[in-house]
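> Sharing a structure, written as structure tokens. Questions coming.
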Amino acid sequence: MNAIERNTNFTRFTAGPVRYFKFLGILLQQPEMPHSKYRRLLIVVTIALMFLHQIGYILEPGRTFAEQSTAAGLLNYTTVSGGKILCLVYNRRLLLSNHCQLAALYPSAALERHYKLEHYLRIYTHVQTLLYNFFKYILIIYLTFPILQSFYDLWSSGVYSYIMPTLFWYPVPLEQSLFVYIVYFLFACFCSICAGLIILSADLCLFSSVSQLMLHLDLLAQRIKELQPAEEGSLSTLKAIIEYHQKILTIAKDVNSIFAPSILFSLTSSSFILCFSAYQLLDDVSFIFTLKVILLLGYEMKQVVITCYYGDKLMDRSANLFTAVYAHNWTDGSPVYKRLVLFMLVRTYRPIALRVAGISDVSLITLKQVLRTAYQIFTVLKTT
Numbered sequence: 005m006n007a008i009e010r011n012t013n014f015t016r017f018t019a020g021p022v023r024y025f026k027f028l029g030i031l032l033q034q035p036e037m038p039h040s041k042y043r044r045l046l047i048v049v050t051i052a053l054m055f056l057h058q059i060g061y062i063l064e065p066g067r068t069f070a071e072q073s074t075a076a077g078l079l080n081y082t083t084v085s086g087g088k089i090l091c092l093v094y095n096r097r098l099l100l101s102n103h104c105q106l107a108a109l110y111p112s113a114a115l116e117r118h119y120k121l122e123h124y125l126r127i128y129t130h131v132q133t134l135l136y137n138f139f140k141y142i143l144i145i146y147l148t149f150p151i152l153q154s155f156y157d158l159w160s161s162g163v164y165s166y167i168m169p170t171l172f173w174y175p176v177p178l179e180q181s182l183f184v185y186i187v188y189f190l191f192a193c194f195c196s197i198c199a200g201l202i203i204l205s206a207d208l209c210l211f212s213s214v215s216q217l218m219l220h221l222d223l224l225a226q227r228i229k230e231l232q233p234a235e236e237g238s239l240s241t242l243k244a245i246i247e248y249h250q251k252i253l254t255i256a257k258d259v260n261s262i263f264a265p266s267i268l269f270s271l272t273s274s275s276f277i278l279c280f281s282a283y284q285l286l287d288d289v290s291f292i293f294t295l296k297v298i299l300l301l302g303y304e305m306k307q308v309v310i311t312c313y314y315g316d317k318l319m320d321r322s323a324n325l326f327t328a329v330y331a332h333n334w335t336d337g338s339p340v341y342k343r344l345v346l347f348m349l350v351r352t353y354r355p356i357a358l359r360v361a362g363i364s365d366v367s368l369i370t371l372k373q374v375l376r377t378a379y380q381i382f383t384v385l386k387t388t
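Residues in the sequence shown are numbered consecutively from 5, following the working numbering.
So, in structure tokens, the structure goes:
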């Protein structure tokens, strides 16, 4: 009986991403269902059409700079979701392999209680709830506000205003055909839901994987602290720990391979989304519009903050493992034991980290850089 059968906490860690990935046509189980590839194709085509319609809106003659900047902020979300879904589809087999490795490595419930590791799942659950609620309420507001505003205009002025959930280019004027308006409205709603689910599922899968990596690193550090090198059997225990650590390194490498492009898309676009959203508030806007922008700012800020937080904590847990290896009484061990300790010190000296494009580690310093860049772009826009 493996760890996944003995402990349902792994299922709790992965239930959200598995459910959302299934909607996107990415299955974390074998065999793959025949209709999954059609779902993936539908999602990719939908995001591509959304991207083209938003580009068309920005390039349409007669658009003001304010309209273009508002559309550019929304276009950033589309670009991020498009980049994420392409990376997920391309790496879906590696994603499945990573999921299976984490399932096989997850500790039993008794071991989890003994080493007091439950707080990793508890923190992740809070993060998942926060992200889901943000996604849900922003979607409700952005999709219902256009209809409510249009009916309010009909009631107050006698003219239905045909407001849409997102800024699209339309081949024909919406006012000329109710059928065209309904079709495009439903299309815009479906596009928004798909884009939101792509970002939500990718982020949750990343945070779930990093949370489990931190759990395993904490478990290893505690097991090393318990070692008594002078006792019989300590050498075999250390060998098992080194083997365990090697599996963690492999999983961490796969996580970076899968999510590094996704993190790059998120962090690069965050500066633009934050500054474009804040720029919209400089105009004389309604309370509802202000509320929408503030929610969008909050949604983007929490995404950047949580990503950088998890990256920072992963490096901390990895550094703690190095400290635990160095600090335990390894000098009491045999020459073979000491050589293995030296080997592990070399392996743990460089902390495991989330890496952006293989050149930069994600940490709270990254958050500072994103906010600084957003402010610089905002300053340029304000003086335009």
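Beta carbons are placed, not taken as given, at the ideal position from N, Cα and C, and that holds for glycine.
#1: Apart from the five residues just before and just after I47, which ones in its own chain have a Cβ nearer than 8 Å to its Cβ?
#2: Is S112 helix, strand or coil by DSSP?
#3: Kindly give me the distance between the Cβ atoms of I255 and L217, rounded to whole angstroms, as I take these residues to be in contact under 8 Å.
#4: Can you find the residues in the same chain that come closer than 8 Å, C-beta to C-beta, to L286, ignoring five residues on each side of it along the sequence?
#5: How should T148 be labelled, buried or exposed, when 16 other C-beta atoms within 10 angstroms of its C-beta is the threshold for buried?
#6: Using only CA atoms, which one of Y379, Q72 and Y128 lies nearest to S212?
#7: Distance check for V49 and E116, CA to CA, integer angstroms please.
#8: If you run the structure through DSSP and keep just helix, strand and coil, what is S266?
#9: Please state the DSSP three-state secondary structure of R67.
#10: Find out if the Cβ-Cβ distance for the pair I267, V360 is shorter than 8 Å.
#11: Compute the distance between the beta-carbons of V308 and L208, then report whether it is under 8 Å.
#12: Quick check on R359: does DSSP put it in helix, strand or coil?
#13: Can you tell me the Cα-Cα spacing of L375 and G60, whole angstroms?
#14: For G87, count neighbouring Cβ atoms within 10 angstroms of its own Cβ and tell me buried if that reaches 16, exposed if not.
#15: Comparing alpha-carbon positions, which option in A206, S261 and F172 lies nearest R67?
#16: Mind checking if F191 is an interface residue toward chain B, Cβ cutoff 8 Å exclusive?
#17: Which residue from L143, L99 and T170 puts its Cα closest to that of K257?
#18: Around the C-beta of V340, are 16 or more other C-beta atoms found within 10 angstroms, so that it is buried, or is it exposed?
#19: If you follow the alpha helix (DSSP H) that E122 is part of, which residue opens it and which one closes it?
#20: Leaving out five residues before and five after C193 in sequence, what residues of the same chain have Cβ atoms less than 8 Å from its Cβ?
#21: Determine whether the beta carbon atoms of L301 and S281 lie at a separation below 8 Å.
#22: Would you mind sorting L346 into buried or exposed? The rule is 16 or more other CB atoms within 10 Å of its CB.
#23: Which residues does DSSP list as the beta-bridge partners of S364?
#24: How about N80 and I277: are their beta carbons less than 8 Å apart?
#25: Measuring only the C-alpha atoms, how far is P21 from H332?
#26: My output table needs one value for V176: the three-state DSSP class, helix, strand or coil.
#27: How would you label F14, buried or exposed, when you count the other beta carbons within 10 angstroms and need 16 or more for buried?
#28: Closest by CA to H220, which one among L143, I145 and A108?
#29: Let me confirm a value: F189 is counted as buried when at least 16 other C-beta atoms fall within 10 Å, else exposed. Which label applies?
#30: Near H103, what residues of its chain come up, given a Cβ to Cβ distance below 6 Å and the 5 sequence neighbours on each side ignored?
Quick look at the numbers:
#1: Numbered from its first residue, the sequence shown carries residue 47 at position 43. The answer, listed in chain order, is L28, G29, I89, C198 and I202.
#2: Taking the first residue of the sequence shown as position 1, residue 112 is located at position 108. Three-state result, S112: coil.
#3: Taking the first residue of the sequence shown as 1, we reach residue 255 at position 251. Taking the first residue of the sequence shown as 1, we reach residue 217 at position 213. Right, the Cβ-Cβ distance comes to about 7 Å (below 8 Å), so this counts as a contact.
#4: Along the sequence shown, read from residue 1 onward, the residue named residue 286 stands at position 282. Answer for L286: K386, listed in chain order.
#5: For the purposes of this step, residue 148 is identified with residue 144 of the sequence shown, where counting begins at 1. Under this definition T148 is an exposed residue.
#6: In the sequence shown, the residue the question calls residue 212 occupies position 208. The candidate whose alpha carbon is nearest that of S212 is Y128.
#7: Here residue 116 refers to the residue found at position 112 of the sequence shown. Here residue 49 refers to the residue found at position 45 of the sequence shown. Cα-Cα distance, rounded: 43 Å.
#8: Locating residue 266 in the sequence shown gives position 262, where the first residue counts as 1. Three-state DSSP puts S266 in a helix.
#9: Working through the sequence shown from its first residue, we reach residue 67 at position 63. Coil at R67, not helix or strand.
#10: Looking up residue 267 in the sequence shown gives position 263. Looking up residue 360 in the sequence shown gives position 356. I267 is a Cβ neighbour of V360, given a cutoff of 8 Å.
#11: Here the question's residue 308 lines up with position 304 in the sequence shown. Here the question's residue 208 lines up with position 204 in the sequence shown. No, they are not a contact pair.
#12: Start at 1 with the first residue of the sequence shown, and residue 359 comes out as number 355. Residue state, collapsed to three classes: strand.
#13: Indexing the sequence shown from 1 puts residue 375 at position 371. Indexing the sequence shown from 1 puts residue 60 at position 56. So the two alpha carbons sit approximately 29 Å from each other.
#14: One-based indexing of the sequence shown puts residue 87 at position 83. With 16 or more Cβ atoms within 10 Å of its Cβ, G87 is classed as buried.
#15: The residue labelled residue 67 in the question sits at position 63 within the sequence shown. Selected option, being the one with the closest Cα: F172.
#16: Absent here is chain B; the protein component of the structure consists of one chain.
#17: Taking the sequence shown and counting its residues from 1, one reaches residue 257 at position 253. Nearest of L143, L99 and T170 to K257, Cα basis: L99.
#18: As a first step, residue 340 is located in the sequence shown; it is residue number 336 there, counting from the start. Exposed.
#19: Start at 1 with the first residue of the sequence shown, and residue 122 comes out as number 118. Element bounds for E122: E122 to S161.
#20: Taking the sequence shown and counting its residues from 1, the one referred to as residue 193 is at position 189. L147 and P169, listed in sequence order.
#21: Your numbering for residue 301 matches position 297 in the sequence shown. Your numbering for residue 281 matches position 277 in the sequence shown. Taking C-beta atoms as the reference points, L301 and S281 count as a pair closer than 8 Å.
#22: By one-based count along the sequence shown, residue 346 stands at place 342. It counts as exposed.
#23: As a position in the sequence shown, residue 364 is number 360, starting the count at 1. Answer is V360.
#24: Within the sequence shown, numbered from 1, the residue matching residue 80 stands at position 76. Within the sequence shown, numbered from 1, the residue matching residue 277 stands at position 273. Cβ distance < 8 Å, so N80 and I277 count as in contact.
#25: To locate residue 21, count along the sequence shown from 1; it is residue 17. To locate residue 332, count along the sequence shown from 1; it is residue 328. Cα to Cα, P21 sits roughly 38 Å from H332.
#26: Counting from one through the sequence shown, the residue named residue 176 turns up at place 172. In the structure shown, the three-state DSSP call for V176 is coil.
#27: As a first step, residue 14 is located in the sequence shown; it is residue number 10 there, counting from the start. Buried, because 16 or more other Cβ atoms sit within 10 Å of the Cβ of F14.
#28: Your numbering for residue 220 matches position 216 in the sequence shown. Ranking the options by Cα distance to H220, first place goes to A108.
#29: Locating residue 189 in the sequence shown gives position 185, counting from the first residue. Buried is the call here.
#30: Along the sequence shown, one-based indexing puts residue 103 at 99. Excluding residues within five positions, the ones whose Cβ falls inside 6 Å are L32.
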